[in-house]
Structure formats: C-alpha cells, structure tokens
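Asks:
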Amino acid sequence: MSWIAGTVVIWLAAWALNVRVAATGWARTGAGRLFVPLLFGATILVVWEGLVRGLGVAPVILPAPSAIAAKVATSLPVLWVDFAQTFLKGALPGFVIGCGAAVLTAIAIDRSPFLQRGLLPVGNFVAALPIVGLAPILVMWFGFDWQSKAAVVVVMVFFPVLVNMVAGLQASERMQRDLMATWGASYWQALVKLRLPAAMPFLFNGLKIASTLALIGAIVAEFFGSPVYGMGFRISTEVGRLGLDMVWAEIAVAALAGSAFYGLIALIERWVTFWHPSQRH
Amino acid sequence: MKDTTNLGGDQAVIEAKGLNLVFQTADGPVHALKDVNLTVNRGEFVSFIGPSGCGKTTFLRAIAALETPTGGTLTVNGMTPDAARQARAYGYVFQAAGLYPWRTIAGNIKLPLEIMGFSRDEQDSRVARVLDLVELAGFGKKYPWQLSGGMQQRASIARALAFDADILLMDEPFGALDEIVRDRLNEEVLKLWARTGKTIGFVTHSIPEAVYLSTKIVVMSPRPGRITDVIDSPLPKERPLDIRDSRAFIEIAHRVREGLRAGHSDE
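So the protein lines, in turn, are chains A and B. Sequential numbering of the first sequence, starting at 721, is according to this note's numbering. Sequential numbering of the second sequence, starting at 467, is according to this note's numbering.
#1: Suppose contacts are defined by Cβ-Cβ distances below 7 angstroms. Is Val-722 of chain B in contact with Ile-673 of chain B by that definition?
#2: Measuring only the C-alpha atoms, how far is Ile-718 of chain B from Asp-711 of chain B?
#3: Under a CB-based cut-off of 7 angstroms, is Trp-659 of chain B close to chain A?
#4: Taking the Cβ atom as the reference point for each residue, do Ala-621 of chain B and Ile-571 of chain B lie within a distance shorter than 7 angstroms?
#5: Any idea which residues DSSP pairs Pro-495 of chain B with across the strands?
#6: DSSP on Thr-794 of chain A, reduced to helix/strand/coil?
#7: Compare the beta carbon distance of Ala-918 of chain A and Ala-891 of chain A with 7 angstroms and say whether it is the shorter of the two.
#8: Against Glu-893 of chain A, what residues of chain B qualify as contacts under a CB-to-CB distance less than 9 angstroms, listed in chain order?
#9: Closer than 7 angstroms, CB to CB, is Thr-794 of chain A near chain B or not?
#10: List the residues that DSSP assigns as beta-bridge partners of Met-545 of chain B.
#11: Whole angstroms is fine: what's the gap from Pro-702 of chain B's alpha carbon to Thr-534 of chain B's?
#12: Tell me which residues share the same chain as Lys-500 of chain B and place their Cβ nearer than 7 angstroms to its Cβ, disregarding the 5 neighbours each side in the sequence.
#13: Quickly, what does DSSP pair Val-772 of chain A with across the bridge? List them, please.
#14: Looking only at its own chain, which residues have a Cβ that is under 8 angstroms from the Cβ of Ala-742 of chain A, when we skip the five neighbours before and after it?
#15: Would you mind giving the Cβ-Cβ distance between Glu-638 of chain B and Val-669 of chain B, rounded to the nearest angstrom? I have them listed as a contact below 8 angstroms.
#16: Please tell me whether Leu-540 of chain B has its Cβ less than 7 angstroms away from any Cβ of chain A.
#17: Helix, strand or coil for Ile-633 of chain B, going by three-state DSSP, please let me know.
#18: Taking 6 angstroms as the cut-off, is the CB of Ser-680 of chain B close to at least one heavy atom of the ligand ADP?
#19: Would you say Gly-810 of chain A and Trp-861 of chain A are within 7 angstroms of each other, going by their C-beta atoms?
#20: Could you spell out where the beta strand (DSSP E) holding Val-684 of chain B opens and where it closes?
#21: When you compare the region 966–973 of chain A with the region 852–861 of chain A, are there three or more beta-carbon pairs, one atom per stretch, that lie closer than 8 angstroms?
#22: Starting from Ile-724 of chain A, trace the alpha helix (DSSP H) both ways and give me its first and last residue.
#23: Cβ closer than 7 angstroms: which chain A residues qualify as neighbours of Gln-552 of chain B?
#24: Let me know the beta strand (DSSP E) ranges lying completely inside the region 866–924 of chain A, each 3 residues or longer, listed in chain order.
#25: Could you please give me the residues that DSSP links to Leu-504 of chain B through a beta bridge?
#26: Check whether chain A comes within 7 angstroms of Ala-530 of chain B, counting only Cβ atoms and requiring the distance to be less than that.
#27: Alpha carbon to alpha carbon, what distance is there between Phe-981 of chain A and Gly-604 of chain B?
#28: Find the nearest neighbour of Val-647 of chain B within the set B:Ser-614, B:Ala-626, B:Leu-526, B:Tyr-678, judged by alpha-carbon distance.
#29: Using C-beta distances below 7 angstroms, list every residue in its chain close to Ala-631 of chain B, excluding the 5 sequence neighbours before and after it, in chain order.
#30: Using a beta-carbon distance below 7 angstroms, is Pro-921 of chain A in contact with chain B?
#31: Closer than 7 angstroms by C-beta to Ile-929 of chain A: which residues in its own chain qualify, once you throw out the five before and the five after it? Chain order, please.
#32: Can you give me the C-alpha to C-alpha distance between Ile-764 of chain A and Trp-991 of chain A, rounded to a whole angstrom?
#33: With DSSP collapsed to three states, give me the class of Val-559 of chain B.
#34: Determine the DSSP secondary structure at Thr-694 of chain B, reduced to helix, strand or coil.
#35: Rounding to the nearest angstrom, what Cα-Cα distance links Leu-737 of chain A and Ala-938 of chain A in this structure?
#36: Beta carbon of Val-767 of chain A, beta carbon of Trp-731 of chain A: below 7 angstroms?
Set out below in structure tokens:
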C-alpha cells in the first residue's frame, strides 16, 4: 500500500512543480523547454514503477521500468547486434534507397504527364498492399538476411515520399516560374534553382513520415523469416518464451532509435527550409 | 540620349501588327486582344492603361513570350518574342516581387546572372551596382521576408536590371504599395530611365502614374481588349513631382480619361 501512496504523492508533487515551472519565464528558455517534458516523462516512469510494484502486476503483463532497465543493462551486446541488423542494415539502406527512388520518380512523373497517369496509380497500388502479405514474398525473393528487410522498407517508404515530392514540385508559384522563363532558363536550371528548393518543405514531410515507417517495416518483416538475431526476430521469439522484459527492452531501443532518427531529419529540415514560414524564428 | 548615339533615332523595338489573342476558356473563347497595332521606339517610356480585362497585361506578357498570340505579327528587336526571350532581350517586373525566400536579396539578384552564365566577379560587381541603383545598398545579405513590401519590389526591379537588357517590362509593379511609397518609386523609375536610356513598357491602372511617367500613353478598353487611343506626351523629360499640377499634365490626364470613358460607352 505504501508503494501506491508514495506514487500518488510523487505524482501530485511533480504535477504541482511542472505547473509552477510552466508558469514562469524560465520555462520558455532553452533549459526550461527541456526540463518540462523531461519531468513529465520521469513522472510517468515513477508512476509506472510504483503502480506495478504496489498492485503486484505480473511481469508478463507489464514489467516495471527498473526491470526493463536491468534487462537492457545485462543484454547490451544482444541489443546492439539486433539493432545493427534491423536498423543499420535493414531500415537505413531501405530508407535511403526508397526515398531516393521516390524523389527520382517524382521528377520523372513531373516531367512527363504520361508517367503521371501511369506511375502514380501503380505507386498507389503498391502502397495499398498489406505489409503482412508483401513481407513473406519479399523474404522468398531476397532471402532471410537484411536484404529482404531493406526491400520491405523500400516498398513502405516509397509512396509517401513520392506523393509529397510530386506535390512539392508543383509548389512553386506561377510568377516564380514565369520569371525563370523570362531569363531564358533551361528545364534543368529551373528545376535546380527553383522547383527543388520550393519542394523541400514537402519532401521533408514525406521523409518524416517515412522515417517511422522504415523502422516498423524492418521489424515486422523479420517476423516472416530472419537470421537468429534482429529486433523483430527477438520480439517474436521472446514473446513465445514469455520473456516480456526482453520484448520491452527491444521496444525501448526501437523507441529511442526511431525518435532519434525522426529528430535528426527534423533538424536537417530546419537547416534546409529555414526560409519557410513554419521554420522562421 | 543613349538611343541616338547607339542606334540612330527612332528604331522600332516592339512592333505589333493586327495582333489577336484569344483564350479558350470553359465559358467559350475570350478575345483578350483584338487587332492591336503599336510601334514602340527605342528609349520610349510607354504606359498601358485601361480597366481590368482590357488586355494590357496580356499584351505585355505576349511581348515577353509568356502568352502566344493567335493571330497577327509581333516582333521584339526584330525577332519573334520567343527568340527575344531566349536572347534575354528584356527584364520583367511582376505585380508582386516574387523573390525566392531561400535566397538573400543579393542571391535573388544574382539568380538571373547565374542562369545566364556571368562570371562570379561579374555577378558580384553587377549586384553591388544595381543594389546602389535602387538604393538598397547594405541590404544584400537580408532575406526577402525581412524587408518591407516597397523594398522587396525595389529588389525585384534591381533583379530585372542586373543583366542589363535593353527593354524593361513592368506589370503594375507598384499596384500593391501605398501612394507615398508609390510616388517615391515613380520618381526613382524616371531617374533610372533617364540614366539607362532603356525602353520601358509599363502597365498601370492609375491615370496620374501613366501621365507622370510616360512619353507615350496607350489607352485600352475591354471586351474585346483593344487600343482606343495612343497619346504622345508633350511633357519634358525632366519631371519633378509637382509637374502633376501643371496645365499640360492636367490636359493629358483629361484626354486619357476621355479615352477610357469612350472605351466603355460602346458596351
């Protein structure tokens, strides 16, 4: 009972503290903006820990954060191997290839109305295929190792980036395009100096969506055949052995990697599209 | 001025003969220009004035090869408009500044120079010169959104001047600005014209602006878009702002107003 009482006290105290901090000017400075969400996250972990202990929740249903942290600490080598296999070899190359192909296809589609009518529906069709149906087929084609996972990721990220990039290439204003014409600019000059820069806000929207899809795709694809390592492989086998603490450890790694990947892209976006109204400060 | 020394007098720069332009729209054909005949000589300042829909902007865009006439002939520097466009015969200033927000003011002015393949040193010296010309020296490193509307429009004029084309086409360049800023920019445009000797085509819907600036005023009327009057201005080349109170100025303004009214009466 003391665990629950303590949890409630800490929760209320942290709540009160956060309300106070948020009301001060300090919350709007650099450190303050980091402190408020960090305190919120820490509070959730404490409440989680307290409730699991106080209510005696079975580890199979929900392990305590401390148990997950302990598992992470003892299985670092395994987690690293899994991470390298799934994220570095599966998700990342798939993301790069898929997004690169989508950008090139978007440029081709934009250049030719014929392709616009032909390729966009095909892209749409592929995006509509369920990943649980597609992944086993791609595993058959490309083997158990990371190549098939990268292929699944390529299929998953291609369409959102394509659609955004096609819209982005049409985002420049008519007047801006007319200006290019009055200077006698060639198609490629207009593309590089006007239409690609104007498309960047759209492209980064697509890339941010694709960044989360890439990790999901690489993990889920491992459910349908993989070597004896990888985040998806570990999750599916540990669930079978009721090793839920390991499953949660993998989830923690995935959450961390996914957030960092997304954050990195958002950072590059800020640097590239500093001129866009949504990024001006 | 420059025109007589360089190319010997009244040389036609823009020539339209029986020009027609019909847009096909969902509601049927729209006759934007009908039987337009006009000759613009080197060094002239020509204003096109008329109510909206009279084809003044369409005519300017046709000169710039941004629209394609459906009948008649149109030559710019003795070439087709498209050849003149490829030869970078003119600078075009639009209603809005249309600066690229990811480039600084200097970067925007440099853009046409990059496209036309000027050397880097040449680019820098030209940017500095035209920034001076439009009184924006010191603002080269700013981004467009950090400047006022009037300054942005001046930057867009600098951009059109940077590659030193003989013809400057301006489509209601000051339409979105308040009257005080507009007066100042009008004075600056006149100075610029006197200094450079360029041929300028200027679209406006302000009678005082047209009379104040032009050596030739083309009055147009809508449905179908056509020229109803061409007025050669007797005003001297040197024009202080208070010339607008002079008798000659008021007489020309009156004639323009009559021309505009005549265009409307036959509807």
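Yeah, the Cβ is synthetic: ideal placement off N, Cα and C, and Gly gets one too.
Replies: Quick answer:
#1: If you check the CB distance, Val-722 of chain B and Ile-673 of chain B come in under 7 angstroms.
#2: The alpha-carbon of Ile-718 of chain B is positioned some 12 angstroms away from that of Asp-711 of chain B.
#3: Answer no: the Cβ-Cβ gap between Trp-659 of chain B and chain A never drops below 7 angstroms.
#4: Cβ atoms of Ala-621 of chain B and Ile-571 of chain B: closer than 7 angstroms.
#5: Paired residues: B:Gln-490.
#6: Reduced to three states, the DSSP call for Thr-794 of chain A is helix.
#7: Yes; because the gap between Cβ atoms is below 7 angstroms, this pair is in contact.
#8: What Glu-893 of chain A touches in chain B: Ala-562, Gly-564.
#9: At a cut-off of 7 angstroms, the C-beta of Thr-794 of chain A has no neighbouring C-beta in chain B.
#10: According to DSSP, Met-545 of chain B bridges with B:Val-542.
#11: A direct Cα-Cα distance of roughly 36 angstroms separates Pro-702 of chain B from Thr-534 of chain B.
#12: Asn-486, Pro-690, Gly-691, Arg-692.
#13: In the DSSP assignment, Val-772 of chain A forms no beta bridge with any residue.
#14: Exclusion of the five residues before and after Ala-742 of chain A leaves Val-756 as the residues of its chain whose Cβ lies within less than 8 angstroms of its Cβ.
#15: Yes, they are in contact, since the Cβ atoms of Glu-638 of chain B and Val-669 of chain B sit about 5 angstroms apart, within 8 angstroms.
#16: The beta carbon of Leu-540 of chain B does not come within 7 angstroms of any beta carbon belonging to chain A, so the residue lies off that interface.
#17: It is a strand residue.
#18: The ligand ADP is absent from the structure shown, which contains no ligand whatsoever.
#19: No, the Cβ-Cβ distance between Gly-810 of chain A and Trp-861 of chain A is not below 7 angstroms.
#20: For Val-684 of chain B, the uninterrupted beta strand (DSSP E) segment begins and ends at 682–687.
#21: Under the three-pair Cβ rule at 8 angstroms, the region 966–973 of chain A does not count as touching the region 852–861 of chain A.
#22: For Ile-724 of chain A, the enclosing alpha helix (DSSP H) begins and ends at 722–743.
#23: In chain order: Gly-904.
#24: Fully contained in the region 866–924 of chain A is no beta strand (DSSP E) run of length 3 or more.
#25: Partner(s): B:Ala-482.
#26: So yes, Ala-530 of chain B belongs to the interface.
#27: Within the model, the alpha-carbon separation for Gly-604 of chain B versus Phe-981 of chain A is close to 40 angstroms.
#28: Ranking B:Ser-614, B:Ala-626, B:Leu-526, B:Tyr-678 by Cα distance to Val-647 of chain B puts B:Ser-614 first.
#29: Same-chain partners within the cutoff: Arg-554, Ala-555, Tyr-556, Gly-557.
#30: Not an interface residue.
#31: Correct list, in chain order: Pro-880.
#32: Here the C-alpha atom of Ile-764 of chain A lies approximately 33 angstroms from the C-alpha atom of Trp-991 of chain A.
#33: Val-559 of chain B: strand per DSSP, three-state reduction.
#34: For Thr-694 of chain B, the secondary structure class from DSSP, reduced to helix, strand or coil, is strand.
#35: One C-alpha to the other measures close to 40 angstroms.
#36: Closer than 7 angstroms, so yes.
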